[in-house]
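As structure tokens, the structure follows; a few thoughts come after it.
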Amino acid sequence: MIHKRILCSLIKKTHEALMKKHKETWRKLHHQPIISVALPFLDLYTRCTYHIKVENRRKDKRQYLILFNHQTAFDQFFVSMAFYRPIYYVASEDLFSKGWVSSLIRFLVNPIPIKKQATDLKAVMTCMKVAKEGGTIAMAPEGNRTFSGKTEYMNPAVARLAQKLKLPIAIFRIEGGYGVHPRWADDVRKGKMRAYISRVIEPEEYSKLSADDFYTLLTQELYVNEAVADACFYHKNSAEYLERAMYVCPDCGLSEFYSKKDITECKKCGIKIQYLPTKELKGIDKEFPFRFINDWYEYQKDFVNNLNPSDFYEKPMYVDKIFLSEVILYKKKVPMFEGEISLYGDRYVIKGKEELILSFEHISAVSVLGRNKINIYCGDKLYQLKSDKHFNALKYVNIYYRYKNIHGGENDGQFLGL
Numbered sequence: 009m010i011h012k013r014i015l016c017s018l019i020k021k022t023h024e025a026l027m028k029k030h031k032e033t034w035r036k037l038h039h040q041p042i043i044s045v046a047l048p049f050l051d052l053y054t055r056c057t058y059h060i061k062v063e064n065r066r067k068d069k070r071q072y073l074i075l076f077n078h079q080t081a082f083d084q085f086f087v088s089m090a091f092y093r094p095i096y097y098v099a100s101e102d103l104f105s106k107g108w109v110s111s112l113i114r115f116l117v118n119p120i121p122i123k124k125q126a127t128d129l130k131a132v133m134t135c136m137k138v139a140k141e142g143g144t145i146a147m148a149p150e151g152n153r154t155f156s157g158k159t160e161y162m163n164p165a166v167a168r169l170a171q172k173l174k175l176p177i178a179i180f181r182i183e184g185g186y187g188v189h190p191r192w193a194d195d196v197r198k199g200k201m202r203a204y205i206s207r208v209i210e211p212e213e214y215s216k217l218s219a220d221d222f223y224t225l226l227t228q229e230l231y232v233n234e235a236v237a238d239a240c241f242y243h244k245n246s247a248e249y250l251e252r253a254m255y256v257c258p259d260c261g262l263s264e265f266y267s268k269k270d271i272t273e274c275k276k277c278g279i280k281i282q283y284l285p286t287k288e289l290k291g292i293d294k295e296f297p298f299r300f301i302n303d304w305y306e307y308q309k310d311f312v313n314n315l316n317p318s319d320f321y322e323k324p325m326y327v328d329k330i331f332l333s334e335v336i337l338y339k340k341k342v343p344m345f346e347g348e349i350s351l352y353g354d355r356y357v358i359k360g361k362e363e364l365i366l367s368f369e370h371i372s373a374v375s376v377l378g379r380n381k382i383n384i385y386c387g388d389k390l391y392q393l394k395s396d397k398h399f400n401a402l403k404y405v406n407i408y409y410r411y412k413n414i415h416g417g418e419n420d421g422q423f424l425g426l
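So, in structure tokens, the structure goes:
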């Protein structure tokens, strides 16, 4: 009898806890005062650091879905400067695996977590919940900052989600960010940026469009190409860490680069390229075939899309020193070991105090985080690896998706993870 009462009590408490959790709102009353206090300081810092001009600011109380192109690590703050209200950003799950720091971020602004390069129904349901509560949601449909300077691939699922939310869609364009702070660089350059609401697409307008037409509209509205010599961006170390983005040499193919000040050099053939304040590239001692990073980047993608991964099943394409951690999703990162990773045409081999062989067949997704971290989703495990400042994470993502395209029956598939 006593055991029965204890069991009933436990069931009741569990039910009450679940009901309480279900009734909890995503929006919190303290979010508005936090934003009100933070925005003036944020405004001052971003204007001084990025020399950005945020135009067409909105002080109305309308609820929006804000979509923005992604150029710098501070883009979300530029968005906040244009809207005087709490905004619930869709953010990479990596932000939520930093222990107490993640807890603080949740308390302050409560972003919506999403798994990069993976289907995440929980994120969709959270967006629906926030919209139902009257919250404004913001996301970068690319899911990645651009390495090339132009707006990259957008997942069509974003358009489907936008149609489900049935909110006015504010298109927020960021221009000049690639010149001021490219994703591959550490240093912010002296130059000017512009950010503004280019248009608002009302539900009555996009509800009449097919899914394909709506997706096309969004990609057109968010497309920005910085491969133009339209302004100057100054820093003495303008080319440093360009090797985080580039790994294919037009003269010798798969390679590695090393950059110092405004010069990057191929480690194999010695070709040297200068990165100019205009964002243009200039060959030293010989002509370089690409005018902008985007031209070189597109050549690199074409090169990879013509590779046969089976040529690299026996011998690795690259070997890098790394530090490996396991991510306990939405909680913390557990350090594992230092070692090295070898990139083959069909697998990653990680060696340290133990050996991990991660077959591409068993990996569901690979993504680049920040400038050069990698997340590998393998079965029920999520691994994260980091290396030194010169590490190129992009090649590990590109080769994985090249393999998946071929073995998924899309030999001509162009998507390489970004």
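My numbering numbers the first residue of the sequence shown as 9 and each following residue consecutively. The C-beta atom is built at its ideal place from N, Cα and C for all residues, glycine as well.
Notebook entry, point to check: Can you give, in chain order, each stretch of the alpha helix (DSSP H) that sits fully within the stretch 171 to 239 and has at least 4 residues?
Noted result: 185 to 188, 211 to 214, 219 to 230
Notebook entry, point to check: When the Cα of V208 is compared with those of V256, Y305, Q71, K244, which residue comes out closest?
Noted result: The sequence position of residue 208 within the sequence shown is 200, counting from 1. Closest option to V208, Cα to Cα, is Q71.
Next item on the list: Less than 8 Å between the CB atoms is what I'm expecting for Y161 and G199, so what's the real figure, rounded?
Entry: On the sequence shown, residue 161 is found 153 positions in, with the first residue counted as 1. On the sequence shown, residue 199 is found 191 positions in, with the first residue counted as 1. That pair is no contact at about 26 Å.
Next item on the list: Helix, strand or coil for I365, going by three-state DSSP, please let me know.
Entry: Within the sequence shown, numbered from 1, the residue matching residue 365 stands at position 357. DSSP places I365 in strand when its eight states are reduced to three.
Next item on the list: List the endpoints of the continuous alpha helix (DSSP H) containing S246.
Entry: Your numbering for residue 246 matches position 238 in the sequence shown. Here S246 belongs to no alpha helix (DSSP H), and DSSP marks it neither H nor E.
Next item on the list: Compute the Euclidean distance between the alpha carbons of G184 and M201, then round it to the nearest angstrom.
Entry: The residue labelled residue 184 in the question sits at position 176 within the sequence shown. The residue labelled residue 201 in the question sits at position 193 within the sequence shown. If you take the alpha carbons of G184 and M201, they lie about 5 Å apart.
Notebook entry, point to check: How long is the line joining the alpha carbons of S246 and I205, rounded to whole angstroms?
Noted result: Your numbering for residue 246 matches position 238 in the sequence shown. Your numbering for residue 205 matches position 197 in the sequence shown. C-alpha separation (whole angstroms): 29 Å.
Next item on the list: In angstroms with no decimal places, state the Cα-to-Cα distance between F296 and A90.
Entry: Counted from its first residue, the sequence shown places residue 296 at position 288. Counted from its first residue, the sequence shown places residue 90 at position 82. Roughly 41 Å separates the two Cα atoms.
Next item on the list: Spell out a yes or no on whether the stretch 69 to 85 and the stretch 183 to 197 are touching, meaning 3 or more CB-CB pairs, one atom from each, closer than 8 Å.
Entry: yes
Check: If you measure from the CB of V357, is any heavy atom of the ligand NAP nearer than 8 Å?
Finding: Questions concerning the ligand NAP fall outside what the structure shown contains, since it holds no ligand whatsoever.
Notebook entry, point to check: Alpha carbon to alpha carbon, how far is Y352 from Y326?
Noted result: Here residue 352 is taken as the residue at index 344 of the sequence shown, counted from 1. Here residue 326 is taken as the residue at index 318 of the sequence shown, counted from 1. Looking at the two C-alpha atoms, the distance is approximately 8 Å.
Notebook entry, point to check: When you compare only the Cα positions, how much space is there between R294 and Y305?
Noted result: As a position in the sequence shown, residue 294 is number 286, starting the count at 1. As a position in the sequence shown, residue 305 is number 297, starting the count at 1. The amino acid at residue 294 is misidentified as Arg; the sequence shows Lys. If you take the alpha carbons of K294 and Y305, they lie about 20 Å apart.
Notebook entry, point to check: Does DSSP put Q282 in a helix, in a strand, or in coil?
Noted result: Looking up residue 282 in the sequence shown gives position 274. Strand at Q282.
Item checked: Span separating the alpha-carbon of N118 from that of M136 -> Locating residue 118 in the sequence shown gives position 110, where the first residue counts as 1. Locating residue 136 in the sequence shown gives position 128, where the first residue counts as 1. Using only the alpha carbons, I get a separation of about 15 Å.
Next item on the list: Have a look at the DSSP bridge pairing and note the partners of G347.
Entry: By 1-based counting over the sequence shown, the position of residue 347 is 339. Partner(s): I330.
Check: In its own chain, which residues sit with a C-beta less than 7 Å from the C-beta of L377, not counting the 5 before and 5 after it?
Finding: For the purposes of this step, residue 377 is taken as the residue at position 369 of the sequence shown. Counting only Cβ-Cβ distances below 7 Å, and skipping sequence neighbours, we find S100, D102, N383.
Notebook entry, point to check: Skipping 5 residues on each side, what residues in its chain have a beta carbon closer than 7 Å to that of D388?
Noted result: Translated into positions along the sequence shown, residue 388 becomes position 380. Excluding sequence neighbours, D388 sits near nothing in its chain.
Check: Buried or exposed: Y53, going by 16 or more other Cβ atoms within 10 Å of its Cβ?
Finding: Within the sequence shown, residue 53 is the residue found at index 45, counting from 1. It counts as exposed.
Check: Which residue's Cα is closest to the Cα of Y385: Q282, E348, S333?
Finding: As a working mapping, residue 385 is identified with position 377 in the sequence shown. Of the candidates Q282, E348, S333, the one whose C-alpha sits nearest the C-alpha of Y385 is S333.
Check: Taking all protein chains shown into account, do 16 or more other C-beta atoms lie within 10 angstroms of the C-beta of V78, making it buried, or fewer, making it exposed?
Finding: One-based indexing of the sequence shown puts residue 78 at position 70. At residue 78 the sequence reads His, which differs from the Val that was named. With 16 or more Cβ atoms within 10 Å of its Cβ, H78 is classed as buried.
Note to self: Which runs of the beta strand (DSSP E) at least 3 residues long sit entirely within the stretch 288 to 316? Give them in chain order.
What the structure shows: 289 to 292
Next item on the list: With DSSP as the reference, label Q40 as helix, strand or coil.
Entry: Translated into positions along the sequence shown, residue 40 becomes position 32. Three-state DSSP puts Q40 in a helix.
Checklist line | Own chain, CB closer than 6 Å to A178, minus 5 neighbours either side, in chain order | finding: One-based indexing of the sequence shown puts residue 178 at position 170. Around A178: Y72, I74, I205, V208.
Next item on the list: Taking only the alpha-carbon atoms, compute the straight-line gap between H30 and T134 and give it to the nearest angstrom.
Entry: For the purposes of this step, residue 30 is taken as the residue at position 22 of the sequence shown. For the purposes of this step, residue 134 is taken as the residue at position 126 of the sequence shown. Its pLDDT being 47, under 50, H30 is placed unreliably in this model, and the coordinates cannot settle the point.
Notebook entry, point to check: Between which two residues does the alpha helix (DSSP H) carrying Q84 extend?
Noted result: Looking up residue 84 in the sequence shown gives position 76. 83 to 90 is the span of the alpha helix (DSSP H), which, as asked, contains Q84.
Item checked: K434 burial status per 10 Å Cβ neighbour count (16 or more: buried) -> Residue 434 lies beyond the stretch modelled for the chain, which goes from 9 to 426, so this question has no answer here.
Next item on the list: Using the Cα positions of I349 and N152, report the straight-line distance between them to the nearest angstrom.
Entry: Within the sequence shown, numbered from 1, the residue matching residue 349 stands at position 341. Within the sequence shown, numbered from 1, the residue matching residue 152 stands at position 144. Cα to Cα, the separation comes out at about 23 Å.
Check: DSSP on M133, reduced to helix/strand/coil?
Finding: Residue numbering aside, residue 133 sits at position 125 when the sequence shown is read from its first letter. The answer is helix: DSSP assigns M133 an H, G or I state.
Notebook entry, point to check: Closest to I120 by CA distance: which of E141, I43, W108, Y97 is it?
Noted result: On the sequence shown, residue 120 is found 112 positions in, with the first residue counted as 1. Here the closest residue by C-alpha is Y97.
Next item on the list: Give the secondary structure of F49 by DSSP, where H, G and I count as helix, E and B as strand, and everything else as coil.
Entry: Translated into positions along the sequence shown, residue 49 becomes position 41. Residue state, collapsed to three classes: helix.
Notebook entry, point to check: Is the number of C-beta pairs between the stretch 313 to 331 and the stretch 402 to 417 that are closer than 8 Å three or more?
Noted result: yes
Checklist line | Alpha carbon of I336 to alpha carbon of V138, nearest angstrom | finding: Taking the sequence shown and counting its residues from 1, the one referred to as residue 336 is at position 328. Taking the sequence shown and counting its residues from 1, the one referred to as residue 138 is at position 130. About 25 Å.
Margin query: Let me make sure I understand the geometry here. Which of S111, F76, K67 has the alpha-carbon closest to that of Y92?
Written below: Walking along the sequence shown from the start, residue 92 turns up at place 84. The shortest C-alpha separation from Y92 is found at K67.
Note to self: I'd like to know whether the C-beta atoms of S156 and A235 end up nearer to each other than 9 Å.
What the structure shows: The count along the sequence shown starts at 1 and reaches residue 156 at position 148. The count along the sequence shown starts at 1 and reaches residue 235 at position 227. Taking 9 Å as the Cβ cut-off, S156 and A235 qualify as a contacting pair.
Next item on the list: Could you round the C-beta distance between F76 and F180 to whole angstroms and report it? I think they count as a contact, below 8 Å.
Entry: Counting from 1 along the sequence shown, the entry for residue 76 is found at position 68. Counting from 1 along the sequence shown, the entry for residue 180 is found at position 172. F76 to F180, Cβ: 4 Å. Contact.
Checklist line | Helix, strand or coil at Y411 according to DSSP, with G and I counted as helix | finding: The count along the sequence shown starts at 1 and reaches residue 411 at position 403. DSSP places Y411 in helix when its eight states are reduced to three.
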